[in-house]
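Residue numbering for the sequence shown follows numbering that gives the first Met the number 0, starting at 0 and increasing by one per position. For reference, the structure discussed in these notes is given below.
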Amino acid sequence: MKIAIIGYGKMGKAIEEIAINKGHEIILKINSQNLAEFTKENIQKADVCIEFTTPHTAFENVKKCLEAGIPTVCGSTAWLEKLEDAKQIAIDNHAAFLYASNFSIGVNLFFKINKMVAAIMEKHPEYRVAMEEIHHTHKKDAPSGTAVTLAEGILENYAAKNKWVNEATTQKNELSIISKRIDPAPGTHTVFYQSEIDEISINHTAHSRIGFASGSVLAAEFLHTKKGIFTMNDVLNL
Numbered sequence: 000m001k002i003a004i005i006g007y008g009k010m011g012k013a014i015e016e017i018a019i020n021k022g023h024e025i026i027l028k029i030n031s032q033n034l035a036e037f038t039k040e041n042i043q044k045a046d047v048c049i050e051f052t053t054p055h056t057a058f059e060n061v062k063k064c065l066e067a068g069i070p071t072v073c074g075s076t077a078w079l080e081k082l083e084d085a086k087q088i089a090i091d092n093h094a095a096f097l098y099a100s101n102f103s104i105g106v107n108l109f110f111k112i113n114k115m116v117a118a119i120m121e122k123h124p125e126y127r128v129a130m131e132e133i134h135h136t137h138k139k140d141a142p143s144g145t146a147v148t149l150a151e152g153i154l155e156n157y158a159a160k161n162k163w164v165n166e167a168t169t170q171k172n173e174l175s176i177i178s179k180r181i182d183p184a185p186g187t188h189t190v191f192y193q194s195e196i197d198e199i200s201i202n203h204t205a206h207s208r209i210g211f212a213s214g215s216v217l218a219a220e221f222l223h224t225k226k227g228i229f230t231m232n233d234v235l236n237l
């Protein structure tokens, strides 16, 4: 499989290492220093694009890859106001698109567990639900995309909550997400259910970027022969 990596920072380099170890070829590596090479002609030499950049550049990058007709995996977060537009561009260009806030297999299992726990705990209003996420100080968005996905999973299954806020709150309808930035933490997400008597929590802690990078390559392997819109649930058959 020939891969174009859009965003050749720490994550892009981790993706490159894993992809090469699995026998794939990296035919294009784009960063802020070589944007002139990010052309339709070069993109179309790839079987699949993997995009990990910034909230401000992600949509245009994804758009360019999809308009070239190339299956595209995107892990950039905090640009979701344009996500539906990206999906439509994929459909219009008969391409394939897969967005995930987190490509770690463990995190995607955690998403599933989170929804199940929320549905159970919703029946026990004596427990107050809240969230905390911890990342390194270079993390550009807060709350993290993973935290937002977890929050949405709770809101879908917990009738008393209808919005999340990125601060402590006493409003009964609001789900609090506390964001902390501490080096060198690659990512910890915790959901708490607290009562006057006890506390129940579920937690995922990443030890390195390897899980994210490995999952994105797995997603690319799944996507590169397909057309349409997919998620990590499709990749992992959840």
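Yeah, the Cβ is synthetic: ideal placement off N, Cα and C, and Gly gets one too.
Legend entry - For Asn-20, the three-state DSSP class (helix, strand or coil): Three-state DSSP puts Asn-20 in a helix.
Inset, instruction - With a 10 Å radius around its C-beta and 16 neighbouring C-beta atoms as the bar for buried, classify Ser-100 as buried or exposed. - result: Looking at its Cβ environment, which holds 16 or more other Cβ atoms inside 10 Å, Ser-100 is buried.
Inset, instruction - Consult DSSP for Met-0 and reduce its assignment to one of helix, strand or coil. - result: In the structure shown, Met-0 sits in coil (DSSP, three-state: anything other than H, G, I, E or B).
Legend entry - Closest Cα partner of Gly-186 within the set Glu-220, Phe-102 and Ser-194: Per the Cα distances, Phe-102.
Inset, instruction - State buried or exposed for Gly-22, treating a residue as buried only when at least 16 other CB atoms are found within 10 Å of its CB. - result: Exposed.
Inset, instruction - Within the same chain, show all residues whose beta-carbon is closer than 6 Å to that of Leu-97, passing over the 5 residues directly before and after it, in chain order. - result: For Leu-97, same chain residues with a beta-carbon under 6 Å away, outside a window of 5 residues either side, are Val-72, Ala-218, Leu-222 and Phe-229 in chain order.
Legend entry - Leu-237 vs Lys-86 beta-carbon contact at 9 Å: No, Cβ-Cβ distance for Leu-237 and Lys-86 is not below 9 Å.
Inset, instruction - Could you give the DSSP three-state label for Ile-196: helix, strand or coil? - result: Note: Ile-196 maps to coil in three-state DSSP.
Inset, instruction - Locate the alpha helix (DSSP H) running through Ala-117, then write down its first and last residues. - result: Segment 104 to 120, the alpha helix (DSSP H) holding Ala-117.
Inset, instruction - Take Leu-82 as the anchor and find which of Ala-67, Lys-62 and Pro-70 has the nearest alpha-carbon. - result: Distances from the alpha-carbon of Leu-82 to those of Ala-67, Lys-62 and Pro-70 put Lys-62 closest.
Legend entry - Boundaries (first-last residue) of the beta strand (DSSP E) holding Ser-175: Looking at the DSSP string, the run of the beta strand (DSSP E) that includes Ser-175 is 173 to 180.
Legend entry - Ile-90 to Leu-65 span [Cα, whole Å]: Looking at the two C-alpha atoms, the distance is approximately 9 Å.
Inset, instruction - Leaving out five residues on either side along the sequence, give the residues of the same chain with a beta carbon under 6 Å from the beta carbon of Gln-43. - result: Ala-67.
Legend entry - Glu-173 versus Ala-184, His-188, Tyr-157 and Pro-183, residue with shortest Cα-Cα distance: When the alpha-carbon of Glu-173 is set against those of Ala-184, His-188, Tyr-157 and Pro-183, the nearest one is in Tyr-157.
Inset, instruction - Sort out for me which residues DSSP pairs Thr-71 with in a bridge. - result: Beta-bridge pairing links Thr-71 to Cys-48 and Phe-96.
Legend entry - Limits of the alpha helix (DSSP H) - the one that Lys-62 falls within: 57 to 66 is the extent of the alpha helix (DSSP H) around Lys-62.
Inset, instruction - Please report how far the alpha carbon of Val-128 lies from the alpha carbon of Glu-195, in whole angstroms. - result: Going by the C-alpha atoms only, they are around 13 Å apart.
Inset, instruction - Go to Glu-131, then tell me how far its beta strand (DSSP E) extends in each direction, as first and last residue. - result: That run of the beta strand (DSSP E) goes 127 to 134.
Inset, instruction - Over the uninterrupted beta strand (DSSP E) stretch that includes Phe-229, give me the two end residues. - result: It spans 227 to 229 - the beta strand (DSSP E) in which Phe-229 sits, taken as one unbroken run.
Inset, instruction - Leaving aside the five residues before and after Ala-18 along the sequence, list all residues of the same chain whose C-beta is less than 7 Å from its C-beta, in chain order. - result: Same-chain partners within the cutoff: Ile-2, Ile-25 and Val-216.
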